[in-house]
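Participant: For any residue, its number in this note's numbering is found by taking its place in the sequence shown, counting from 1, and adding 6.
All C-beta atoms in this analysis are idealised placements derived from N, C-alpha and C, irrespective of residue type, glycine included.
Since we're looking at a predicted model, the values are computed, not measured.
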Amino acid sequence: MAHPSTAPRRSLRTVPVLAAVAAAVLSGCAGGGTNTHETPAKPSPTSTPNGTVTRAEADQILDHYQEINNKANKTRDAGLLATVEAGQLYARSKADYEQFDTLSAKEKKEYSVPFYFTRRTFYIPPTGNWFAAAASTNGTNHTFMIFEKSADTGGTWKKVISLFPQQPLPAPQIKGGLAVPADQDAPVGNLVPSGVTNAIEDLFTTGGTKDGSKLSHANDNAKAILKTYKERRDHLGSKATVNFFPITPTHNKTYTLTTSSGVLAITALAHKEESLVTNAGLQISPGKRESVYNKTPRSLVVDSFQGEAVVHLPRQGKPEILDYRYALVDSR
Numbered sequence: 007m008a009h010p011s012t013a014p015r016r017s018l019r020t021v022p023v024l025a026a027v028a029a030a031v032l033s034g035c036a037g038g039g040t041n042t043h044e045t046p047a048k049p050s051p052t053s054t055p056n057g058t059v060t061r062a063e064a065d066q067i068l069d070h071y072q073e074i075n076n077k078a079n080k081t082r083d084a085g086l087l088a089t090v091e092a093g094q095l096y097a098r099s100k101a102d103y104e105q106f107d108t109l110s111a112k113e114k115k116e117y118s119v120p121f122y123f124t125r126r127t128f129y130i131p132p133t134g135n136w137f138a139a140a141a142s143t144n145g146t147n148h149t150f151m152i153f154e155k156s157a158d159t160g161g162t163w164k165k166v167i168s169l170f171p172q173q174p175l176p177a178p179q180i181k182g183g184l185a186v187p188a189d190q191d192a193p194v195g196n197l198v199p200s201g202v203t204n205a206i207e208d209l210f211t212t213g214g215t216k217d218g219s220k221l222s223h224a225n226d227n228a229k230a231i232l233k234t235y236k237e238r239r240d241h242l243g244s245k246a247t248v249n250f251f252p253i254t255p256t257h258n259k260t261y262t263l264t265t266s267s268g269v270l271a272i273t274a275l276a277h278k279e280e281s282l283v284t285n286a287g288l289q290i291s292p293g294k295r296e297s298v299y300n301k302t303p304r305s306l307v308v309d310s311f312q313g314e315a316v317v318h319l320p321r322q323g324k325p326e327i328l329d330y331r332y333a334l335v336d337s338r
């Protein structure tokens with residue numbers, strides 16, 4: 007499970023020196039208090055009809071995940087973690103391990119503190135290869151997760167999405183004890199669920215003038231992304247250009263759950279951030295996280311980010327970004 011991280015910080019320099027602070031802010035990159043100890047929940051005696059898994063099987067999958075994740079976090083064992091995580095979530099978590107030495111003493115200490123999922127709720131589709139789960143990690147932090155069993159996950163159940171919405175999500179509909187997925191290519195209002203990834207990434211790349219114009223720009227999550235876009239060049243001033251470009255997510259898949267007023271789309275995100283000097287006599291000094299991958303001062307820095315998001319697509323009105331998470335996973 008990915009832990010909190012800060013945005014990369016870098017400086018511009020001449021080939022002796024020129025100072026300027028860089029801070030590409032990506033709100034809520036990974037994490038959300040997922041490492042807090044709490045007594046494990048006991049499975050509810052209430053069962054649901056058989057879907058992709060039973061309630062009892064889903065409980066066991068969460069139990070196994072938290073056990074292995076806690077063990078992996080103690081020694082930052084990416085190989086062990088790969089047995090229970092996949093896709094962009096694993097890419098984010100692996101990056102946390104790689105960047106461990108850049109954390110504060112407090113953050114490092116938190117890695118050894120185990121977490122447990124309590125107050126569990128499951129949203130299990132009748133068919134398919136995935137299910138969703140919501141849980142608390144310490145009574146105040148609430149997580150929304152997707153587990154999948156497919157060829158992409160090595161044929162075993164692995165967590166592929168980990169989000170921490172600050173507000174309760176619209177409740178997924180339940181029919182006959184099972185969740186109701188939606189067609190990812192069927193329009194809901196002004197957007198199809200499969201188009202959510204491009205719409206969010208457009209907020210970074212154009213400020214939401216293309217696909218991103220279909221999203222609501224009014225809530226805090228959209229405002230944070232648009233602020234990043236508008237201020238992307240501020241930290242390096244006129245000495246460099248900074249732009250975002252969408253890239254293919256590690257696990258490019260969208261999951262859907264029908265609500266009473268629309269559809270929840272849970273999807274993958276990914277982009278690169280390119281910082282390029284405008285003067286041949288300048289170089290960019292990578293920040294401490296970027297330096298994990300390449301510490302050499304250079305004229306062009308390309309940072310890669312992987313992430314996830316949950317968006318509610320209402321039948322009336324514009325879709326809202328309810329949560330999104332990114333992490334720096336490479337820098338060249």
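1) Using alpha carbons as the reference points, say which of 171, 326 and 87 lies closest to residue 73.
2) Please decide whether residue 326 counts as near chain E, where near means a Cβ-Cβ distance under 8 Å.
3) Leaving out the 5 sequence neighbours to the left and right, which residues in its chain are closer than 8 Å to residue 173 when beta-carbon positions are compared?
4) Can you give the beta carbon distance from residue 169 to residue 326, rounded, assuming they're within the 8 Å contact cut?
5) For residue 331, which beta-bridge partners are listed by DSSP?
6) With 16 other CB atoms within 10 Å as the buried threshold, where does residue 316 fall?
7) Identify every run of the alpha helix (DSSP H) within the stretch 233–309, keeping only runs that are complete inside it and at least 4 residues long; order them along the chain.
8) Below 8 Å, can you find three or more Cβ-Cβ pairs linking the stretch 243–263 to the stretch 190–201?
9) Taking its Cβ as the centre, do 16 or more other Cβ atoms sit within 10 Å of residue 207, making it buried, or is it exposed?
10) To the nearest whole angstrom, what separates the beta carbons of residue 114 and residue 121, a pair I think is in contact under 8 Å?
11) Three-state secondary structure (DSSP) at residue 96?
12) Can residue 4 and residue 137 be called in contact, C-beta distance under 8 Å?
13) Which word fits residue 182, buried or exposed, when buried means at least 16 other C-beta atoms lie within 10 angstroms of its C-beta?
14) With C-beta atoms as the reference, is residue 283 less than 8 Å away from residue 305?
15) So is residue 159 buried or exposed if we call it buried at 16+ other beta carbons inside 10 Å?
Facilitator: Taking the coordinates as given:
1) The residue labelled residue 73 in the question sits at position 67 within the sequence shown. Here the closest residue by C-alpha is 87.
2) Protein chains in the displayed structure number just one, and chain E is not present.
3) One-based indexing of the sequence shown puts residue 173 at position 167. Contacts found: 328.
4) Taking the first residue of the sequence shown as 1, we reach residue 169 at position 163. Taking the first residue of the sequence shown as 1, we reach residue 326 at position 320. Contact flag wrong, Cβ pair sits at about 14 Å.
5) Taking the first residue of the sequence shown as 1, we reach residue 331 at position 325. In DSSP, residue 331 forms a bridge with 314.
6) The sequence position of residue 316 within the sequence shown is 310, counting from 1. Classification of residue 316: buried, given that the 10 Å Cβ count is 16 or more.
7) none
8) yes
9) For the purposes of this step, residue 207 is taken as the residue at position 201 of the sequence shown. Residue 207 should be labelled buried.
10) As a first step, residue 114 must be located in the sequence shown, where it is residue number 108. As a first step, residue 121 must be located in the sequence shown, where it is residue number 115. Their Cβ separation, rounded to whole angstroms, is 16 Å, which puts residue 114 and residue 121 out of contact at 8 Å.
11) Translated into positions along the sequence shown, residue 96 becomes position 90. Reduced to three states, the DSSP call for residue 96 is helix.
12) This structure gives no information on residue 4, because the portion of the chain shown stretches from 7 to 338.
13) What you label residue 182 is simply residue 176 of the sequence shown in a count that begins at 1. Answer is exposed; the Cβ neighbour count stays below 16.
14) Locating residue 283 in the sequence shown gives position 277, counting from the first residue. Locating residue 305 in the sequence shown gives position 299, counting from the first residue. In contact: residue 283 and residue 305 (Cβ atoms closer than 8 Å).
15) Stepping through the sequence shown from its first residue, residue 159 is reached at position 153. That one is buried.
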